[in-house]
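Asker:
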Amino acid sequence: MAGLFFSKRTKRGHGAVRKVERKSKAVSQHWVLLKKIIIGVLLVGVLGLLGINSKTLIEDINQQRIRYVMIEGNLSNVTEDDIKSTVFDFINQSMVAVDLPAVKLALEQNAWINSVNLRRKWPDILIIDVTEEVAIARWGEKDLLNQEAALFSPPVILAQQNLASLSGPEGSEKMVMQQYQVFNQVLSPTNLRIKSLHVNSRGAWFLQLNNEVRLVIGSVQPIERLQRFATVFGRIFADQI
């Protein structure tokens, strides 16, 4: 009997649980449906407002003109007038319509400009970040070398006449620049600097120092030969030159 009673109570208990579960599910379903309705009403309202104002908003954005140009970067050989004159024809457009790649390309035609980064700052500012070329040495009569041993050719290089003059066969710019730096390190204990450096097609090196001494160190072990010169220079030649 005890077992039967227990069994009946258990069955009645399950029945009650099922009724509660059905009621809970029904309530949950109603809440879910109600939430969907509320969200739907709100969404329709928002879309309605956007529908009313979207055309005006788009027109306002498209008509927003560039009012200010901010120039960033350390400028030595490029003037603000150079930049303004280049971008003038481009900025007479809306913030959206301005062709940033075209502006960048136009600015980088200036030989003294290494790279340009452009960005918009809403609502009406165009920011131009300029990185100038850094001239490390002259190459030949008309060109300059930057820190990456890349050639660039400004219209005038009179202000760079104090830089060392490097030269060599076509395509040898990077190699000559590297050797120029190594040779200067070798000479640093003597307080001498290279005024000009040339390598011919056979790999022979010719140097002129800032004390006007000319050295021909050839193509065989040029660094070792220059080291021997640096060693004996202070002992023997310094007082004679």
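With our numbering, letter number 95 in the sequence shown gets 89, and the count goes up by one each step, no holes.
Ideal Cβ positions, reconstructed from N, Cα and C, are used throughout, including at glycine.
1. Is the distance from the Cβ of isoleucine 60 to the Cβ of aspartate 118 below 8 Å?
2. For the structure I just gave you, are there three or more beta carbon pairs, one from the stretch 68 to 85 and one from the stretch 125 to 140, closer than 8 Å?
3. Start and end of the beta strand (DSSP E) containing asparagine 111?
4. Just reading off the alpha helix (DSSP H) that leucine 101 is part of, what are its end residues?
5. CB arginine 187 to CB serine 159, shorter than 8 Å?
6. Going by the CB atoms, is the gap between leucine 138 and phenylalanine 146 shorter than 8 Å?
7. Distance check for glutamate 164 and valine 180, CA to CA, integer angstroms please.
8. State the DSSP-derived secondary structure class of glutamate 126, mapped to helix, strand or coil.
9. Okay, do the stretch 102 to 109 and the stretch 83 to 94 touch, 3+ Cβ pairs below 8 Å being the bar?
10. First and last residue of the beta strand (DSSP E) that includes aspartate 137?
11. Where in the stretch 132 to 216 do unbroken runs of the beta strand (DSSP E), each at least 3 residues long, occur, reported from the N-terminal end onward?
12. How would you call glycine 162, buried or exposed, if buried means at least 16 neighbouring beta carbons within 10 angstroms?
13. Give me, in chain order, the residues of the same chain whose beta-carbon lies closer than 6 Å to that of glutamine 58; leave out the 5 immediate sequence neighbours on both sides.
14. What's the call for threonine 225, buried or exposed, on a 16-neighbour Cβ count within 10 Å?
15. Inspect the beta-carbon positions of alanine 143 and lysine 115 and report whether they are closer than 8 Å.
16. Could you check what DSSP says for valine 63 in three-state terms: helix, strand or coil?
17. Using alpha carbons as the reference points, say which of Ile107, Leu94 and Glu135 lies closest to arginine 113.
18. Short of 8 Å in beta carbon distance, which residues of its chain neighbour tyrosine 62, apart from the five on each side in sequence? Order them along the chain.
19. Output the distance between the C-alpha atoms of isoleucine 217 and isoleucine 211, rounded to the nearest integer angstrom.
20. Tell me the DSSP secondary structure of isoleucine 119 in three-state form.
21. Quick check on serine 88: does DSSP put it in helix, strand or coil?
22. Would glutamine 202 and serine 213 be called neighbours here (beta carbons separated by less than 8 Å)?
Answerer: The relevant details are as follows:
1. Going by C-beta atoms, isoleucine 60 is nearer than 8 Å to aspartate 118.
2. Yes: at least three Cβ pairs fall under 8 Å.
3. That run of the beta strand (DSSP E) goes 107 to 115.
4. 94 to 101 is the extent of the alpha helix (DSSP H) around leucine 101.
5. It is not a contact, given that the beta carbons lie outside the stated cut-off.
6. Between phenylalanine 146 and leucine 138, the C-beta spacing is below 8 Å.
7. For valine 180 and glutamate 164, the distance between alpha carbons rounds to 26 Å.
8. DSSP places glutamate 126 within a strand segment (E or B) once states are collapsed to three.
9. The stretch 83 to 94 and the stretch 102 to 109 do not touch, with fewer than three beta-carbon pairs separated by less than 8 Å.
10. 137 to 139 is the extent of the beta strand (DSSP E) around aspartate 137.
11. Whole beta strand (DSSP E) segments, 3+ residues: 137 to 139, 159 to 161, 188 to 193, 199 to 203 and 208 to 212.
12. Taking all protein chains shown into account, glycine 162 has 16 or more neighbouring C-beta atoms within 10 Å of its C-beta and is therefore buried.
13. Hits under 6 Å: Ser88, Met89 and Pro117.
14. Exposed.
15. Contact flag unset, no.
16. Strand, per DSSP.
17. Residue Leu94 is the option with its Cα nearest to arginine 113.
18. Around tyrosine 62: Asp118, Ile119 and Leu120.
19. Distance between isoleucine 217 and isoleucine 211, taken at the CA atoms: about 9 Å.
20. Residue state, collapsed to three classes: strand.
21. In the three-state reduction of the DSSP assignment, serine 88 falls in the strand class.
22. Taking 8 Å as the Cβ cut-off, glutamine 202 and serine 213 do not qualify as a contacting pair.
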